[in-house]
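J.: Before anything else, here's the structure in question.
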Amino acid sequence: MSVLTFLIVAVIKIAITLGVLLTVVAYTVWLERKVVGHMQNRWGPSRVGPFGLLQPLADGIKFLLKEDLTPPYVEKHIYLIAPVIALVMALTSIALIPIGPVVHLFGISTPIQITGVVGATGQPGDIDAGLLIVLGITSLGVYGIALAGWSSNSKYSLLGSLRASAQMISYEVSLGLSLVGVLLMSSTLSLRGIVDAQLGTWFGFIPQWFLFRGQFIAFFIYLMAAFAETNRVPFDLPEAETELVAGYHTEYSAMKFAMFFMAEYANMVTVACIASVMFLGGWSGPPMPFLPAAVQAFLPLIWFLLRVFFFLFLYIWIRGTLPRFRYDQLMAFGWKFLFPLALANVIVTAFFVAIRA
Amino acid sequence: MTIPISWYLLLSAFLFACGVMGFLIKRNIITIFMSIELMLNGVNLSFIAFATRFGTLDGHIFVFFVMVVAAAEAAVGLAIIISVYRTRETLNVDRVNLLKL
Amino acid sequence: MHIFLFLLFGLLCAGGAINLLIQRKPINSALSLIVVMGSLALIYLLLGAEFVAVVQVIIYAGAIMVLFIFVIMLLNAGEEEHTKGSKVAKIIGIPGLITGFIIGVSVLLQHGPQEKRIHIGELYGSASDVGMMLFTKYLLAFELTSVLVLIAIMGAVVLARRSHSS
Amino acid sequence: MPTATDYIRILPEIVLSVWGMAIMFVESLLPEDRSRKDLGIFAAFGAVAAIAATVYQAQPQFAGFGFNHVLRVDHFSIFFHLVVLLVTLATILMSLDYLPLQKIDFGEYYALVILGAVGMCLMSSAVELVLIFIALEISSIASYILSGFRRSAAVSTESALKYFLLGSFATGFFLYGIALLYGATGSTNIFDIALILGKANHVEALAYLAVALIFTGLAFKVACAPFQIWTPDVYEGAPSPVVALMSTAPKAATFAVLIRIVFEAASPNLFWVIWVAAALSMSVGNVGALLQSNVKRMLAYSSIAHAGYLMVAFASASNRDLAISSAMFYSAAYAAMNLGAFAVVTQMAGSGEGYLQMDDYSGLGKRSPVLAAVFTFFLLSLIGIPITGGFFAKFYIFSTALRTRLIWLTLIGLVNSGVGSYYYLRLIVRMYMYEPRAEIPVPPVRLGMGLAIAISLIATLWLGVLPNAVLHYTQGMPSAIAVR
């Protein structure tokens, strides 16, 4: 592949991914309002378009057109750059996630993954330390929140962001450790390699996902830590409206607020993607030979999106169900329960891997 | 295009010197501590550059350990800074002067 | 391309380092230090050190500097006061630093290794290579870091926790 | 894969680590209002166990490289292990009653002392710069924390801060030196570096720069002029038993590293740098000590001076075997007598470390004759009076220097010893000739403190009266470390 085609393909992939991601983000908001509404015996958005389907569009226009307030005593530069950091970090990490196998279009073969390329042998190549890079980028996301709270010069914001950074650092440990078990079993850090390690089935129908290969405890640790990382209920202490107004984004309005909002939902999507790749076999799924070839080409994509949708629904479901933790409970849960459990999981997994080797 | 190793080494020396300079002229304890981190970063660049020169991984390993040590130092250092702040209510290194130098 | 990337990140690095010295507010210094660390990670990539580059981002930028910012926020560290400062540092330190720097640079330029040139994409420091070495040749050092981290954790807790009620 | 022998080669370190972790574990189970003295006694047994492990390790069949040539067990490492561990033991013993008195009775203290000793021990046996670096950091970080242990006292936190900032600053130099040494030789193993530098026809300027930077970093850590500025402040503010520890054990261990690097790896000859550092340390230390009224500060300056005397041995590097053995003997003797002196200071300081002025020692001879006598003995040893360890230590150092024809340095050293004896004697005079100030109580010496003082007393006396055994052991060393 020449450099020019590489660049063109990369730009197209980025554009598509970004478009899909932002649409997913917008409709997750819609879905959330709808689902939570139904759970609470309400309708949710229903005025704009059929079933309120155009609501995200209306919200977007509202965010764009609203007056963009900058409170007088903020640290201007940092205040302005904080939401950008949050959003950029949230959107960047999706680039490393393999969404599907290699596709052949217009005589060009390329994997469905922004950073993936097809090597000389026709095998899809991936960055060796892909997972580490994703973790690195997500760990940078905390700056957006921390700086937003600090620069707003408001005590609610500051408290919110102090809580958020402490919470995110604490749960990052368990999050990382919960993935180590999978890494030990797949013995690679490349996300594509991890998906490849889960492709087979037992008895022809039980998929060999790591979830079913003894990593279910890790999966639950990951889920809980991921909820905390994305500041979602029941770990949404940083923006606990009854205590802190709106936490770190109290002083933000219009588009700048929308950026935090989008960052949060984009993070949810990323976390869901990682969960699918690490525990649920990525894009793998049963073959459907009876479908037309054109649909078959999109099957892996559909399988992947289904998994992501499942996780997004889970988020919303839990938000409609559970109350919020108290802060000390949150810290105790993270350090005294999740962390030792994750460590134990690593040790046990390592033990079994060593026995097998 | 290729770049001679010494460019990396010069950059590393520059970072190290900036760190030392910061240690000497800055007055806020946290900034002083950050200057020390800057020095360590400069050193790390040297290690990686030399490792590339020799084509061995010992330099990488060393950087890895430097990072671990830096993390441990950061934890302890910031805890010390917090405890100083609790007893003295200041972060200016010149006001931390109960002991005469 | 390579030279352009090196110049870009090198200048970012140097600029960040200088900005750290100039800025009066600790938070700005911290941000410029993050810029330095980020660009260093990219320079490591140029040098082929993939694993170290990623670890640099995760540990330095993602953990250590977050801790710094956290403490700056916690202590509400405002603008730096201008005080006289230690005279010894200025009289001996700065000239010493400058001479040291000049000597260092001249040594690096004259006797420093210049022969080897780096080609882009020459990745060799992959995670598995580094891991292999870590658990064979440097096993003891690796195990020893656990003692180090244990001490650090214990120390941070002992120093920063509030006094006992007794 | 490491073999069983490999593990025996780090047996003392393993014992200490396990003990430290056990202390941490038990500490968290104990009720908050319970005294931690038992934990301290447990820790003391840990130090004894580590000493036993060292003695076991000293059998000839365990000597040699371990863990892929990253460490080396030989006479040299055994010697410094024993010094470090004895100091650790004495420190724990003298802290048993000190901690409750200062209301800092936390079990973490003992865990930190024990785990810090892991680093100090390894510093003497490591021959791989990576390992040396980590071991050095373990011992330093533990000392930073310990010196800020009286965290409600502003002086203590301030001392921790200064120690921490300057210590990490020094680490930066040390590391940069290692980086350049790695760049000059392509290796981080001391013996490989020695081989490579030995083969080269001329030593690269890079290697000179590297060793100079390493020397700077380590000189900071051992409080050698011109990098001694932090010492008095840190020693004054830190808790007294911690000062007893950090002015002896980590210092001895750092000197061990310096010996390994200067005598083993570094063909680059830093003679004049060391010469100046030695002369400057002796002079700055002794003159500084003259001006002090606080006993801890005075002893801090005296420790700078003693680092200077030790540096004289390094300046005699051309007389390699004698230089190494005299440096080793000196660090052991210095550890013993300084430990004893600080034990007495700890005993006298009282609650809140209120009584540290020279004035507070007036008439100690009448108020507590035994304590005064013991203190006098340690001070005399610090001066270098015969029948004390300090005498032979100084004697060997200077006779080595004379044999190497370092006439001027010896002269400076002897003049300094003369100046030094003035301020030690001043304290002794104050104890015996001045009227006691009645209001200062002398707390009774408890068992732990008594044992600690006894250990240092016996060690100092033994080195002073029967130095031959130790000296013989140290003289066996140079050939031992030279074996490739």
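Protein chains in written order, with the numbering used here: chain A, 4 to 360; chain B, 672 to 772; chain C, 23 to 188; chain D, 534 to 1017. A virtual CB, placed ideally from N, CA and C, is assigned to each residue, including glycine.
1. May I ask you to list, following chain order, the residues of the region 689 to 705 of chain B that have a beta carbon less than 8 Å from some beta carbon of chain C?
2. Where does I142 (chain C) fall in DSSP's three states?
3. Taking the straight line between their C-alpha atoms, what separation do you get for E737 (chain D) and A717 (chain D)?
4. Compute the Euclidean distance between the alpha carbons of V975 (chain D) and L897 (chain D), then round it to the nearest angstrom.
5. According to DSSP, is T324 (chain A) part of a helix, a strand, or is it coil?
6. Based on Cα-Cα distance, which residue from D:F804, D:L664, D:I729, D:L994 lies nearest to F748 (chain D)?
7. Spatial neighbours of N41 (chain C) within its chain, please: C-beta separation below 7 Å, excluding the five flanking residues on both sides.
8. To which residues does DSSP link S112 (chain A) through a beta bridge?
9. I'd like the list of long-range same chain contacts for A833 (chain D), defined as Cβ closer than 6 Å, with 5 residues on each side in sequence excluded.
10. Is there a C-beta anywhere in chain A that falls below 8 Å from the one on I91 (chain C)?
11. Taking DSSP's pairing of strands, which residues face R485 (chain D) in a bridge?
12. Which class does W763 (chain D) belong to by DSSP, given the choice of helix, strand or coil?
13. Report the residue from B:V734, B:S683, B:D729, B:A688 whose alpha carbon sits nearest the alpha carbon of L119 (chain C).
14. Can L645 (chain D) and A586 (chain D) be called in contact, C-beta distance under 8 Å?
15. Going by other Cβ atoms of all chains shown within 10 Å of its Cβ, with 16 needed for buried, is R1017 (chain D) buried or exposed?
16. Under 8 Å Cβ-Cβ, which residues of chain D neighbour Q132 (chain C)?
17. What is the residue span of the alpha helix (DSSP H) that C35 (chain C) lies within?
18. Are three or more beta carbon pairs between the region 258 to 268 of chain A and the region 179 to 197 of chain A nearer than 8 Å?
19. Kindly indicate if chain D contains any beta-carbon less than 8 Å away from that of I674 (chain B).
20. Kindly identify the DSSP beta-bridge partner or partners of P210 (chain A).
21. Taking the Cβ atom as the reference point for each residue, do M281 (chain A) and T233 (chain A) lie within a distance shorter than 8 Å?
22. Using CA atoms only, rank isn't needed, just tell me which of D:F925, D:G640, D:V551 is closest to A1002 (chain D).
23. S849 (chain D) to A860 (chain D), Cα distance in whole Å?
24. Taking the C-alpha atoms as reference points, what is the distance between I142 (chain C) and F28 (chain C)?
25. Is the CB-CB distance between L681 (chain B) and S717 (chain B) below 8 Å?
26. From the beta carbon of T723 (chain B), is the nearest beta carbon of chain C less than 8 Å away?
27. With H, G and I counted as helix, E and B as strand and the rest as coil, what does DSSP make of V120 (chain A)?
28. Look at the alpha carbon of I194 (chain C) and the alpha carbon of I703 (chain B), and state the distance between them as a whole number of angstroms.
29. Please list, in chain order, the residues of the region 158 to 171 of chain C that have any C-beta partner in chain D closer than 8 Å.
30. Based on Cα-Cα distance, which residue from D:E972, D:L996, D:I940 lies nearest to G922 (chain D)?
31. Could you tell me the distance, in whole angstroms, from the CA atom of I56 (chain C) to the CA atom of A83 (chain C)?
32. Might you give, ordered along the chain, the residues of its own chain that have their beta carbon closer than 7 Å to the beta carbon of A228 (chain A), omitting 5 neighbours on each side?
33. Per DSSP, what kind of secondary structure is E661 (chain D) in: helix, strand or coil?
34. Does the beta-carbon of D199 (chain A) have 16 or more other beta-carbons within 10 angstroms, so that it is buried, or is it exposed?
35. Beta-carbon within less than 7 Å of E546 (chain D)'s beta-carbon, same chain only, minus the 5 sequence neighbours each way: which residues are those?
36. Give me the DSSP bridge partner(s) of N827 (chain D).
T.: The answer reads as follows:
1. If you check each beta-carbon in the region 689 to 705 of chain B against every beta-carbon of chain C, the ones closer than 8 Å belong to C689, G690, V691, M692, G693, L695, I696, K697, R698, N699, I701, T702, F704, M705.
2. Annotation note: pLDDT 49 at I142 (chain C) (below 50); position unreliable, no value reported.
3. Cα to Cα, E737 (chain D) sits roughly 7 Å from A717 (chain D).
4. Between V975 (chain D) and L897 (chain D), the C-alpha separation is close to 9 Å.
5. DSSP places T324 (chain A) in helix when its eight states are reduced to three.
6. Measuring from the Cα of F748 (chain D), the nearest candidate turns out to be D:F804.
7. Excluding sequence neighbours, N41 (chain C) sits near S54.
8. Paired residues: A:H107.
9. Here the set comprises T764, P765, Y768.
10. The beta carbon of I91 (chain C) sits closer than 8 Å to some beta carbon of chain A.
11. It is not possible to answer for residue 485 (chain D), since the shown part of chain D is limited to 534 through 1017.
12. W763 (chain D) falls in the coil class under three-state DSSP.
13. Of B:V734, B:S683, B:D729, B:A688, the residue nearest in Cα terms is B:A688.
14. Using a Cβ distance threshold of 8 Å, L645 (chain D) and A586 (chain D) do not count as a contacting pair.
15. Per-residue confidence for R1017 (chain D) stands at a pLDDT of 43, beneath the threshold of 50, marking its modelled position as unreliable; no derived number is given.
16. A738, listed in chain order.
17. Here the alpha helix (DSSP H) through C35 (chain C) covers 24 to 44.
18. Under the three-pair Cβ rule at 8 Å, the region 258 to 268 of chain A does not count as touching the region 179 to 197 of chain A.
19. Look at I674 (chain B): its C-beta is not under 8 Å from any C-beta on chain D.
20. A:T204, per the DSSP bridge assignment.
21. Not closer than 8 Å, so no.
22. That would be D:F925, whose Cα lies nearest to the Cα of A1002 (chain D).
23. In this structure, the alpha-carbon of S849 (chain D) lies about 10 Å from that of A860 (chain D).
24. Confidence at I142 (chain C) is low in this model, with a pLDDT of 49, below 50, so the placement of that residue should be treated as unreliable; the coordinate-derived value is given next. Across the structure, I142 (chain C) and F28 (chain C) are spaced so that their CA atoms are roughly 11 Å apart.
25. Contact: no.
26. Yes, contact with chain C.
27. V120 (chain A) falls in the strand class under three-state DSSP.
28. With chain C covering 23 to 188 only, the question about residue 194 (chain C) has no answer from this structure.
29. Within the region 158 to 171 of chain C, the residues whose Cβ lies closer than 8 Å to some Cβ of chain D are T158, K159, Y160, L161, L162, A163, L166, T167, V169, L170, listed in chain order.
30. When each option's Cα is compared against that of G922 (chain D), the closest is D:L996.
31. If I take the Cα positions, the gap works out to 6 Å.
32. Counting only residues of its own chain and dropping the five nearest sequence neighbours on each side, A228 (chain A) has a CB closer than 7 Å to the CB of Y174, S177, L178, S181, L341.
33. Assigned with DSSP and collapsed to three states, E661 (chain D) falls in strand.
34. A residue is called buried when at least 16 other Cβ atoms come within 10 angstroms of its Cβ; D199 (chain A) meets this threshold and is buried.
35. Around E546 (chain D): V651, C654, L655.
36. Looking at the DSSP output, N827 (chain D) bridges to D:Q890.
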